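>
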Amino acid sequence: MTVQNYEPPQERAAFIAIVGRPNVGKSSLLNRMLGEKVAIVSPKPQTTRTRIMGVYTKGADQIAFLDTPGLLRARNELGQYMVKTVLSSVSGVDACLLVAEAGAKISPADEELIEKFRREDLPAILAINKIDLLEDKTRLMEQIAAYAGKYPFEAVVPVSARDGSGIDELLEELKKLCQPGGHLFPDDTLTDQPERVLAAEMVREKLLRLLDKEIPHGVAVVTERMRERENGVTDVDCVIFTEKDSHKGIIIGKGGRMLKQVGTLARKDMEAFFGGKVNLTLWVRVKEDWRNRREILHTFGFDEKDFEE
6 MTVQNYEPPQ ERAAFIAIVG RPNVGKSSLL NRMLGEKVAI VSPKPQTTRT
56 RIMGVYTKGA DQIAFLDTPG LLRARNELGQ YMVKTVLSSV SGVDACLLVA
106 EAGAKISPAD EELIEKFRRE DLPAILAINK IDLLEDKTRL MEQIAAYAGK
156 YPFEAVVPVS ARDGSGIDEL LEELKKLCQP GGHLFPDDTL TDQPERVLAA
206 EMVREKLLRL LDKEIPHGVA VVTERMRERE NGVTDVDCVI FTEKDSHKGI
256 IIGKGGRMLK QVGTLARKDM EAFFGGKVNL TLWVRVKEDW RNRREILHTF
306 GFDEKDFEE
């Protein structure tokens, strides 16, 4: 009897940018596809400020996703950075995943992104998210037809990041975009974000969820220290920067209650993600008009070259 040597499937990979207008659920979709939370989520637009990479590996296929900020008109230096982040991401990937909200009309941001796809001759897949919230399903068919008339998408997949509907189908379509050549990262890689950045983002997410109106958009969080003790407890020191003294008082809250609530919720997320006890300490400092000051944005981790014209 002849025994044939087994050859494993050839490894394939792709870089895919997740793009779309603000608040369509790009980060929620990334988290759902990965099965882990690597991007913060809130109901407020412009939650994501930088490129966040999440890596999906299943068998021979690996997809490195770039979760980008929502595309809108820039109002300050931070906004300019975010717009350049989106457009430069589209220029440097193998394909794009355009996310739209179920029942919504094609937005100017979508038009701009589709035009970018056309100029770059990029393969793209359209994910229509939040289908669980759409009561009139006939609007979905009209929406699919409208987008199909704008660009030859490789596939159009209705999904719900909230309940998981359509996610398996979307991943199967995305895998078709992978090319032979081996995996780009070790198979156990989940994200490129350093632990310090992840910790700071967990704090910022709680601020976005608990604070109202414009205050969260004037807030940045930086991890100043992260150290594991011999007993396994990790000390994390984060500084919350805000633009106004009046906002500082709101963030701290009466008797420190708001800051304590932010810290409690963020610590629970850190312990779940890092797999151990966390001792979290928070401070609040004022940096006036930091969103328009490039030197401060640079110290907060935003790449200076993305502000250049």
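Residues 6 to 314 (my numbering) are what the sequence shown spells out, left to right.
Backbone N, C-alpha and C fix where the C-beta goes; we use that ideal spot for every residue, glycine too.
Computed from a predicted structure; not experimentally measured.
Could you give the residue range of the alpha helix (DSSP H) that holds Val202?
Translated into positions along the sequence shown, residue 202 becomes position 197. Val202 -> alpha helix (DSSP H) spans Glu200 to Leu215.
> For Tyr61, which beta-bridge partners are listed by DSSP?
Stepping through the sequence shown from its first residue, residue 61 is reached at position 56. Per DSSP, Ile68.
> Spell out a yes or no on whether the region 135-148 and the region 115-122 are touching, meaning 3 or more CB-CB pairs, one atom from each, closer than 8 Å.
They do not touch, by the three-pair rule.
> Suppose only complete runs of 3+ residues qualify. What are the beta strand (DSSP E) ranges in the region 106-180, listed by chain order?
Runs found: 129-134 and 160-163.
> Please classify Thr73: does DSSP put it in a helix, a strand, or coil?
As a position in the sequence shown, residue 73 is number 68, starting the count at 1. Thr73: coil per DSSP, three-state reduction.
> Using beta-carbon positions only, say whether Asp66 and Cys243 come within less than 8 Å of one another.
Taking the sequence shown and counting its residues from 1, one reaches residue 66 at position 61. Taking the sequence shown and counting its residues from 1, one reaches residue 243 at position 238. Not closer than 8 Å, so no.
> Do you know how far the Cα of Pro185 is from the Cα of Glu178?
Counting from 1 along the sequence shown, the entry for residue 178 is found at position 173. Counting from 1 along the sequence shown, the entry for residue 185 is found at position 180. Answer to the nearest angstrom: the Cα atoms are 16 Å apart.
> Would you kindly check if the distance between the Cβ of Ala18 and the Cβ of Leu189 is under 8 Å?
Within the sequence shown, residue 189 is the residue found at index 184, counting from 1. Within the sequence shown, residue 18 is the residue found at index 13, counting from 1. In contact: Leu189 and Ala18 (Cβ atoms closer than 8 Å).
> My understanding is that Lys180 touches Val267, with C-beta atoms under 8 Å, so please give their C-beta distance in whole angstroms.
For the purposes of this step, residue 180 is identified with residue 175 of the sequence shown, where counting begins at 1. For the purposes of this step, residue 267 is identified with residue 262 of the sequence shown, where counting begins at 1. So it is not a contact: roughly 39 Å between Cβ atoms.
> Based on Cα-Cα distance, which residue from Glu200, Ile255 and Pro113 lies nearest to Leu216?
Translated into positions along the sequence shown, residue 216 becomes position 211. Residue Ile255 is the option with its Cα nearest to Leu216.
> Using the beta-carbon count (16 or more within 10 Å), is Arg54 buried or exposed?
The residue you call residue 54 lines up with position 49 of the sequence shown. Note that Arg54 scores a pLDDT of 48, beneath 50, so its modelled location is shaky; the value from the coordinates is reported in the next line. Arg54 should be labelled buried.
> Under three-state DSSP, which class holds Gln184?
Position 179 of the sequence shown, counted from the start, is the residue given in the question as residue 184. Looking at Gln184 - three-state DSSP - the assignment turns out to be strand.
> Can you give the beta carbon distance from Asp99 to Phe20, rounded, assuming they're within the 8 Å contact cut?
Translated into the one-based positions of the sequence shown, residue 99 becomes position 94. Translated into the one-based positions of the sequence shown, residue 20 becomes position 15. Their Cβ separation, rounded to whole angstroms, is 5 Å, which keeps Asp99 and Phe20 in contact under 8 Å.
> Roughly how many angstroms lie between the CA atoms of Leu131 and Leu195, to the nearest whole one?
Along the sequence shown, read from residue 1 onward, the residue named residue 131 stands at position 126. Along the sequence shown, read from residue 1 onward, the residue named residue 195 stands at position 190. Approximately 23 Å, taken between the alpha carbons.
> Once the 5 residues before and after Ala153 are set aside, which same chain residues still bring their CB inside 8 Å of it?
Reading the sequence shown from its first residue, position 148 is the one you call residue 153. For Ala153, where only same-chain residues beyond five positions count, the Cβ hits under 8 Å are Val161.
> Among Thr62, Ile245, Asp115 and Gly97, which residue has its Cα nearest to the Cα of Glu125?
Position 120 of the sequence shown holds residue 125. Cα-wise, what sits closest to Glu125 is Gly97.
> So, for Glu276: in the same chain, excluding its five sequence neighbours on each side, which residues have a beta-carbon less than 7 Å away from its beta-carbon?
Taking the sequence shown and counting its residues from 1, one reaches residue 276 at position 271. Closer than 7 Å at Cβ, skipping near neighbours: Lys282 and Val283.
> At the level of alpha carbons, what is the spacing between Glu206 and Met263?
Translated into the one-based positions of the sequence shown, residue 206 becomes position 201. Translated into the one-based positions of the sequence shown, residue 263 becomes position 258. Taking the straight line joining both Cα atoms gives about 17 Å.
> In the DSSP assignment, the alpha helix (DSSP H) including Asn36 goes from what residue to what residue?
The residue you call residue 36 lines up with position 31 of the sequence shown. Per DSSP, Asn36 belongs to the alpha helix (DSSP H) from Lys31 to Leu39.
> If you draw a straight line from the alpha carbon of Leu138 to that of Ser165, how long is it in whole angstroms?
The sequence position of residue 138 within the sequence shown is 133, counting from 1. The sequence position of residue 165 within the sequence shown is 160, counting from 1. Cα to Cα, Leu138 sits roughly 9 Å from Ser165.
> With distances taken from CA atoms, which of Ala107, Arg167 and Tyr156 is nearest Gly141?
Start at 1 with the first residue of the sequence shown, and residue 141 comes out as number 136. It is worth fixing the name first, because residue 141 is Asp in this sequence and not Gly. Among Ala107, Arg167 and Tyr156, the Cα nearest to that of Asp141 is on Ala107.
> Quick one: what's got a C-beta closer than 8 Å to Val238's C-beta in the same chain, skipping five residues either side?
Indexing the sequence shown from 1 puts residue 238 at position 233. So the list reads Gly281, Lys282, Val283 and Asn284, once near-sequence residues are dropped.
> Measuring only the C-alpha atoms, how far is Arg201 from Ile133?
Position 196 of the sequence shown, counting from 1, holds the residue named residue 201. Position 128 of the sequence shown, counting from 1, holds the residue named residue 133. Between Arg201 and Ile133, the C-alpha separation is close to 33 Å.
> Return the first residue and the last residue of the beta strand (DSSP E) that Leu285 is part of.
Along the sequence shown, read from residue 1 onward, the residue named residue 285 stands at position 280. Start and end: Val283 to Val291.
> For the beta strand (DSSP E) that contains Val98, what are its first and last residues?
Your numbering for residue 98 matches position 93 in the sequence shown. Here Val98 belongs to no beta strand (DSSP E), and DSSP marks it neither H nor E.
> With a floor of 3 residues, list each beta strand (DSSP E) that falls wholly inside the region 245-277, ordered by position along the chain.
List check, beta strand (DSSP E) in window: nothing returned.
> So what does DSSP say about Ala79, is it helix, strand or coil?
Here residue 79 refers to the residue found at position 74 of the sequence shown. With a pLDDT of only 42 at Ala79, under 50, the local geometry of the prediction cannot be trusted, and the value read off the model is given with reservation. Looking at Ala79 - three-state DSSP - the assignment turns out to be coil, as it is neither helix nor strand.
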